[in-house]
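Participant:
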Amino acid sequence: LACPCHFSVFDLAQKGKVLNGPAPRGPVTFELKVADGRVTVLKMEGER
49 LACPCHFSVF
59 DLAQKGKVLN
69 GPAPRGPVTF
79 ELKVADGRVT
89 VLKMEGER
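Heads up: the sequence shown begins at 49 in the working numbering, then just goes up one per residue.
1) Have a look at G85, A50, L60 and flag the residue whose alpha-carbon is nearest the alpha-carbon of F78.
2) Who does L80 pair with in a DSSP beta bridge?
3) Could you check whether G69 and F55 sit closer than 8 Å to each other, using their CB atoms as the reference points?
4) Look up A71 in the DSSP assignment and say whether it is helix, strand or coil.
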């Protein structure tokens, strides 16, 4: 995943590990549940 705003690159297969760029940490991640056409956030990980 590449961020065009900050020019950082992240590996989503490794929980958003920073591969390149000025980002000090990976992006916030969310555990989601999709049921009956609705998306629910179950858990948020990482700093904002």
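We put the CB at the ideal spot given by N, CA and C, even for glycine.
Facilitator: With the given structure in hand:
1) L60
2) V89
3) yes
4) coil
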